[in-house]
Amino acid sequence: MGRVKIFTTRRCPKCPQAHKVGELLKERGVKVEFFDLETPDGLAEAAFYSVQSTPTILVEDDHERVLAHWIGWVPRPAEVEEVVQVLHRPRGMEIDAEGVLRV
Amino acid sequence: MVKFAAALQSHFAGAIGWDAVNVFFAPYLEGMPDRELRQLAQMLIFEFSQQAVARGGQAIFTDLNLYWEVPKHFRDVEAIGPGGRPTGKTYGEYQAEAQRFVRALFEVYMEGDGAGRPFFFPKPLVHITEDFFKTPGHEEFLDLICEVASEKGNTYFVFDRGETAKISECCRLSFKLDESDLEDARHPWKMRYCALQNVTINLPRIAYLSEGDTTRLFDNITRFVETAVEAHLQKRAFIEKLLSLGERGPLALLTMNQDGEPYLRMRRATHLLGMVGLNEMVKIHTGREMHESKEALKFGLKVIAHMKLLADKMSKRHGMRFVLEQTPAESTAYRFARLDLRYHSPLAGHVVKGDISRGEIYYTNSTHMNLSAPLNPIERVRMEGLFHPLIEAGALTHIWLGEARPNAKSLANFVKKVFRLTQNDQIAFSPEFTTCIECARTVRGLLERCPYCGSEEVEGITRITGYFTKISSWNKGKLGELRDRFRNQGLFKEEGPEVAAAI
Numbered sequence: 001m002g003r004v005k006i007f008t009t010r011r012c013p014k015c016p017q018a019h020k021v022g023e024l025l026k027e028r029g030v031k032v033e034f035f036d037l038e039t040p041d042g043l044a045e046a047a048f049y050s051v052q053s054t055p056t057i058l059v060e061d062d063h064e065r066v067l068a069h070w071i072g073w074v075p076r077p078a079e080v081e082e083v084v085q086v087l088h089r090p091r092g093m094e095i096d097a098e099g100v101l102r103v
Numbered sequence: 104m105v106k107f108a109a110a111l112q113s114h115f116a117g118a119i120g121w122d123a124v125n126v127f128f129a130p131y132l133e134g135m136p137d138r139e140l141r142q143l144a145q146m147l148i149f150e151f152s153q154q155a156v157a158r159g160g161q162a163i164f165t166d167l168n169l170y171w172e173v174p175k176h177f178r179d180v181e182a183i184g185p186g187g188r189p190t191g192k193t194y195g196e197y198q199a200e201a202q203r204f205v206r207a208l209f210e211v212y213m214e215g216d217g218a219g220r221p222f223f224f225p226k227p228l229v230h231i232t233e234d235f236f237k238t239p240g241h242e243e244f245l246d247l248i249c250e251v252a253s254e255k256g257n258t259y260f261v262f263d264r265g266e267t268a269k270i271s272e273c274c275r276l277s278f279k280l281d282e283s284d285l286e287d288a289r290h291p292w293k294m295r296y297c298a299l300q301n302v303t304i305n306l307p308r309i310a311y312l313s314e315g316d317t318t319r320l321f322d323n324i325t326r327f328v329e330t331a332v333e334a335h336l337q338k339r340a341f342i343e344k345l346l347s348l349g350e351r352g353p354l355a356l357l358t359m360n361q362d363g364e365p366y367l368r369m370r371r372a373t374h375l376l377g378m379v380g381l382n383e384m385v386k387i388h389t390g391r392e393m394h395e396s397k398e399a400l401k402f403g404l405k406v407i408a409h410m411k412l413l414a415d416k417m418s419k420r421h422g423m424r425f426v427l428e429q430t431p432a433e434s435t436a437y438r439f440a441r442l443d444l445r446y447h448s449p450l451a452g453h454v455v456k457g458d459i460s461r462g463e464i465y466y467t468n469s470t471h472m473n474l475s476a477p478l479n480p481i482e483r484v485r486m487e488g489l490f491h492p493l494i495e496a497g498a499l500t501h502i503w504l505g506e507a508r509p510n511a512k513s514l515a516n517f518v519k520k521v522f523r524l525t526q527n528d529q530i531a532f533s534p535e536f537t538t539c540i541e542c543a544r545t546v547r548g549l550l551e552r553c554p555y556c557g558s559e560e561v562e563g564i565t566r567i568t569g570y571f572t573k574i575s576s577w578n579k580g581k582l583g584e585l586r587d588r589f590r591n592q593g594l595f596k597e598e599g600p601e602v603a604a605a606i
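These protein sequence lines map, in sequence, to chains A and B. Mapping of the first sequence onto my numbering: position 35 corresponds to residue 35, and the numbering continues sequentially without gaps. Mapping of the second sequence onto my numbering: position 183 corresponds to residue 286, and the numbering continues sequentially without gaps.
Right, here's the structure in full:
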């Protein structure tokens, strides 16, 4: 099913907007996780994905492979949703080891 | 320069590092014939390697920070030349001379000393930056320094990505330059930095004390870090007391004032919080070592993230710079393991690395992965590099080569991929050597007798942590580690490009 991960800090000016996009996607049934880089959990997750600036939004599949990311700016919700649609693909469509969608 | 380094070494236990050495020498080298230039490079390395003025007759622990391009923050700075006078040009205009000199230095490193051994000191640290790859001639230079890395192991590759600028020294210590430092770069002599000490935290000890309770574990880390900070406060108060005695005190050299502030700029001093045995802590707490599962790796990252945030908090609270550093731990990794075996057995007996029956026990250094794990080198560099952005005062990944002698192109390709595709701060390739005391010849690998004359009077040489040394001087813990090291033999020879492409 995959998920969207959103990395923010309290002081970054674009981060509230990233939060809003995340909330909107959540309302539409997308699994969204928020990470605050001022907490150990958030900072550790950011280090794991080599996140260097905020806000960062990334979409990953079930195997924690990153399919798309937006670094330092906030995309329109539709852009994120477009990638998420791949994750909501019908049964029989799989992403192979190289990250390519196969039917 | 060498004599002043000797004077400084008698005040500091750690390394004496010099920034952009080839750049600052360049104005003095204009018009110097190649032969003389080469002689100067040889003299610099010989003198630094022979000045046995440090504790117990050791050579000065010296680091030469070197650049292929003139770093951005020095490019437009007025150059100082012969007679200590401005030359009327900027350092940027001396790039060709700086490049000639750095090439000459590496040609000397390639030869090694009279017996073909690598020079232990001074250590050459080459900064790999975005501009490095834009500067003509970089490919040829990268091949040269990679050849030295393969043949002698001297080269350290320091990665300054984006706008990052730093000065590196000691085993892995680095000072990241902020805006005020870059302002100081207009007057390079003002750029004087020091770390007052490193207080190292025994992470496996915290795991034993916490008995599997995560809340307790993080509370204990906080408690240990607060104790380390208290140690720093006491040390700083003591040093300030000595400095206040000025010229009459024991630290007179550090109080001299030539440019409006004391030589030792306490306002810019850092206080290091080190760590040993993250890998073992994670194993005790989660049952897995960091390279064995993603969850274990993420838990290790959470521990270091917690320590980093604590260091930031302490810095604000005390108005001082507390930063994390990977403790090199030549002896600490051994000492902590021995102490825990005494106080936390039987559990510690299952956790410490090495051979208990020989007494050769140790913990894995700092945030490193298990060094005996047969990890692909690029995977090790990537995984260990995930920690590096959290460890502001320096981190390093070792690639143990053993007897392997990879080709320069293969290593150069590896270095480029590490710069582009990982967050790793610094890497070093470490070969092993045997040198014969009888016939004064040096061969690759650790051997019990000289293959030339058959003598058993041989000495093994390799990197202990952040520098080369004779194995006969190692403690039992490091000897145990040496037995366990996974050597990347054969992984680079023909497979370099494929291995690197697998990032």
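For every residue, glycine included, the Cβ atom is placed at its ideal position computed from N, Cα and C.
Exercise. Determine whether the Cβ of residue 13 (chain A) lies closer than 8 Å to any Cβ atom of chain B.
Key: no
Quiz item: Nearest chain A C-beta to residue 154 (chain B) closer than 8 Å, yes or no?
Solution: no
Self-check item: Exposure label - residue 110 (chain B); buried when at least 16 CB within 10 Å
Solution: exposed
Exercise. Check the Cβ-Cβ distances between residue 79 (chain A) and every residue of chain B, and say whether any is below 8 Å.
Key: no
Self-check item: Nearest neighbour of residue 534 (chain B), chosen from B:127, B:543, B:135 and B:547 [CA to CA]
Solution: B:547
Practice problem: Could you check how far apart the C-beta atoms of residue 184 (chain B) and residue 193 (chain B) are, in whole angstroms? I think they sit under 8 Å. | Solution: With a Cβ gap of about 12 Å, residue 184 (chain B) and residue 193 (chain B) do not count as contacting.
Self-check item: Classification of residue 585 (chain B) by the beta-carbon crowding that lies within 10 angstroms, buried from 16 upward
Solution: buried
Self-check item: Close-in-space but distant-in-sequence residues of the same chain around residue 150 (chain B) (CB under 8 Å, 5 per side omitted)
Solution: 105
Exercise. Measure the C-alpha to C-alpha separation of residue 233 (chain B) and residue 505 (chain B) and round it to an integer number of angstroms.
Key: 31 Å
Quiz prompt | Which of helix, strand or coil DSSP assigns to residue 152 (chain B) | solution = helix
Self-check item: Selection from B:395, B:512 and B:255 that minimises the alpha carbon distance to residue 244 (chain B)
Solution: B:512
Quiz item: In the region 58–72 of chain A, which residues sit with their C-beta less than 8 Å from some C-beta in chain B, listed in chain order?
Solution: 64
Practice problem: Would you please verify whether the beta carbon of residue 411 (chain B) is less than 8 Å from any beta carbon of chain A? | Solution: yes
Quiz prompt | CA-to-CA distance, residue 550 (chain B) to residue 417 (chain B), given in whole angstroms | solution = 49 Å
Practice problem: Report the residue ranges of all beta strand (DSSP E) runs contained in full by the region 10–34 of chain A; include only those spanning at least 3 residues, in chain order. | Solution: none
Quiz item: Quick one: does residue 38 (chain A) have its CB under 8 Å from some CB of chain B?
Solution: yes
Exercise. Check the Cβ-Cβ distances between residue 405 (chain B) and every residue of chain A, and say whether any is below 8 Å.
Key: yes
Quiz item: If you count every other CB in all the chains shown that lies within 10 Å of the CB of residue 107 (chain B), and 16 or more means buried, which is it?
Solution: exposed
Quiz item: Hey, how far is the Cα of residue 318 (chain B) from the Cα of residue 390 (chain B)?
Solution: 17 Å
Practice problem: Tell me whether residue 490 (chain B) is buried or exposed, calling it buried when 16 or more other Cβ atoms sit within 10 Å of its Cβ. | Solution: buried
Self-check item: Beta-carbon contacts of residue 331 (chain B) that lie in its chain and below 7 Å, excluding the five residues immediately before and after
Solution: 302, 304 and 376
Quiz item: Counting along the chain, where does the beta strand (DSSP E) carrying residue 305 (chain B) start and finish?
Solution: 298–305
Quiz item: Within the 8 Å Cβ cut-off, does residue 529 (chain B) reach chain A?
Solution: no
Self-check item: Opening and closing residue of the alpha helix (DSSP H) in which residue 372 (chain B) lies
Solution: No alpha helix (DSSP H) contains residue 372 (chain B), which DSSP labels as neither H nor E.
Quiz item: Once you ignore the five residues that flank residue 208 (chain B) on each side, which residues in its own chain have a CB closer than 6 Å to its CB?
Solution: 144
Quiz item: Where do the ends of the beta strand (DSSP E) carrying residue 539 (chain B) lie?
Solution: 536–539
Exercise. Can you pull the chain B residues whose beta carbon is under 9 Å from the beta carbon of residue 48 (chain A), in chain order?
Key: 397, 400, 401, 404 and 489
Quiz item: Is it right to say residue 286 (chain B) is buried, meaning 16 or more other beta carbons lie within 10 angstroms of its own, or is it exposed?
Solution: exposed
Self-check item: Where the alpha helix (DSSP H) through residue 580 (chain B) begins and ends
Solution: 579–587
Quiz item: chain B partners of residue 24 (chain A), CB-CB under 7 Å?
Solution: Here the premise fails: no neighbours, minimum Cβ distance about 28 Å.
Quiz item: In the DSSP assignment, what residue or residues form a beta bridge with residue 119 (chain B)?
Solution: B:165
Quiz prompt | Element boundaries [beta strand (DSSP E), containing residue 189 (chain B)] | solution = 189–193
Practice problem: Would you list the residues sitting across from residue 665 (chain B) in a DSSP beta bridge? | Solution: The question about residue 665 (chain B) has no answer, for chain B in this structure spans 104 to 606.
Practice problem: Could you check which residue in B:588, B:277 and B:236 has the C-alpha nearest to that of residue 118 (chain B)? | Solution: B:277
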